[in-house]
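For reference, the structure discussed in these notes is given below.
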Amino acid sequence: MEKVQQISIFAENKPGRLDKVTGVLAENGINILATAIVSTNGFGVIKFMVDKCDLALEKLRAAGFTVSLSEVLAIEMKDKPGGLHEVVHILSGRGVNIENASVYVAESRKRAYLLVEVKEIEKARQKLKNSGLTFLGGESKAK
């Protein structure tokens, strides 16, 4: 399973914040592959999967943003009705709890990936071995 990293930016929820964040990424040639935004009580967490993670961290921190990096599972799913359910059903059946999730649809539209945040990623990987799921970067067939 290839390691997939996600950047989380903590920011006040006010006009212009997302503009500034995406501007930093754009100015540095960093492509956003997937995003999720959650907001509560005037603050938000902006999560990105990007093509140049280390550069994004460096530039966002230099611009004054509070940024963290986390590893996520990127599980291939069918880009059709029921595709998400098939993956979630396997995760549930193997006792893997989803903390947060977002979806990344590959450019070809032939593949989509469920980006899953879990508390104990190595335990989740072990539970999902031979699950029949395919991960970004391959591995874990059989069922």
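Just so we're aligned, residue 1104 is where the sequence shown starts under the numbering used here, counting upward by one.
C-beta atoms are modelled at their ideal positions from N, C-alpha and C, and glycine is treated no differently.
Item	Value
Tell me whether Val-1175 is buried or exposed, calling it buried when 16 or more other Cβ atoms sit within 10 Å of its Cβ.	buried
If Thr-1237 sits next to Glu-1189, beta carbons under 8 Å apart, how far is it from one beta carbon to the other, in whole angstroms?	Wrong, their Cβ atoms sit about 12 Å apart, outside the cutoff.
Could you tell me which residues DSSP pairs with Ile-1140 in its beta bridges?	Ile-1149
On a CA-only basis, which of Ala-1177, Pro-1184, Leu-1187 is nearest Arg-1228? Give me that one, please.	Ala-1177
Could you pull out every residue in the same chain whose Cβ sits closer than 6 Å to the Cβ of Thr-1169, ignoring the five residues on either side in sequence?	Phe-1113
Is it true that the CB of Ala-1137 sits closer than 8 Å to the CB of Ser-1205?	yes
With a CB to CB cut of under 7 Å and the five nearest residues on each side skipped, what residues in its chain are close to Lys-1117?	none
Can you give me the Cβ contacts of Ala-1215 inside the same chain, cut-off strictly under 8 Å, excluding the 5 residues immediately before and after it?	Glu-1179, Met-1180, Lys-1181, Asp-1182, Gly-1186, Val-1206, Tyr-1207, Val-1208, Ala-1209
Verify whether the separation of the beta carbon atoms of Val-1153 and Ile-1133 is less than 8 Å.	yes
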